[in-house]
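Counting along the sequence shown from 1, when you hit position 55 you're at 315 in our numbering, and nothing is skipped either side.
Even glycine gets a Cβ: it sits at the ideal position worked out from N, Cα and C.
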Amino acid sequence: MPPPGCRILVINRGGGSRRVSNHGSMLTGIMDQHPECELAVHSGKEPLKSQLELFRKATTIVAPHGAGLSNIYISRPGTGVLEFLVMNGQVGLCYMIAAAKLGLRYWALAFPGSSQNGAMTANIREGISDTSTPSPH
């Protein structure tokens, strides 16, 4: 069960590498599964102050691996981070390490057929359920 006042922030990389090809249906799936949560999408084109507010207010952040996740440094302890990693290629685990040091709850998913320079199809039903559950501390 998601916490009261939950806010799910989804990073949309748009075009380029490690983008989510089914971004729209992924958002629909998240809202179908968590209608009580507020959903925000971060494109990276917002003014800096707005971007930082999105990350500070989020209770869960969902994103493919990439520089957009660097804003987790402003997130509150206990925030859930669901990072999409690629199966075909090497991706650093810098956000996993940062999340641990910042007191964030971290999960990673890798999707079949994903690669460093391509798109991925994200089926995250189970993953988003896990990140929305409050930690016991």
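- [ ] Could you tell me the boundaries of the alpha helix (DSSP H) in which A318 lies?
- [x] No alpha helix (DSSP H) holds A318; DSSP gives it neither H nor E.
- [ ] Give a yes or no on whether the C-beta atoms belonging to R316 and I332 are separated by under 8 Å.
- [x] No Cβ-Cβ contact shorter than 8 Å links R316 with I332.
Task: For E296 and S303, the rounded distance between their alpha carbons - done: 23 Å
TODO: Please classify S285: is it buried, with 16 or more other beta-carbons within 10 angstroms of its beta-carbon, or exposed?
DONE: exposed
Task: S395 - DSSP class collapsed to helix/strand/coil - done: A caution first: S395 carries a pLDDT of 47, below 50, which makes its placement in the model unreliable, though a value can still be read off. Coil, per DSSP.
Task: Minimum C-alpha distance to R278 - residue among I268, F344, V270, P307 - done: F344
TODO: Please report the residue range of the alpha helix (DSSP H) in which A358 lies.
DONE: It spans 354-362 - the alpha helix (DSSP H) in which A358 sits, taken as one unbroken run.
Task: Three-state secondary structure assigned by DSSP to H283 - done: helix
Task: G265 (DSSP reduced to helix, strand or coil) - done: coil
- [ ] Please state whether DSSP places A300 in a helix, a strand or coil.
- [x] strand
Task: Where A327 falls: helix, strand or coil (DSSP) - done: Here A327 sits in helix by DSSP.
Task: Residues sharing a beta bridge with V230, DSSP - done: Since the first and last residues shown for the chain are 261 and 397, residue 230 lies out of range.
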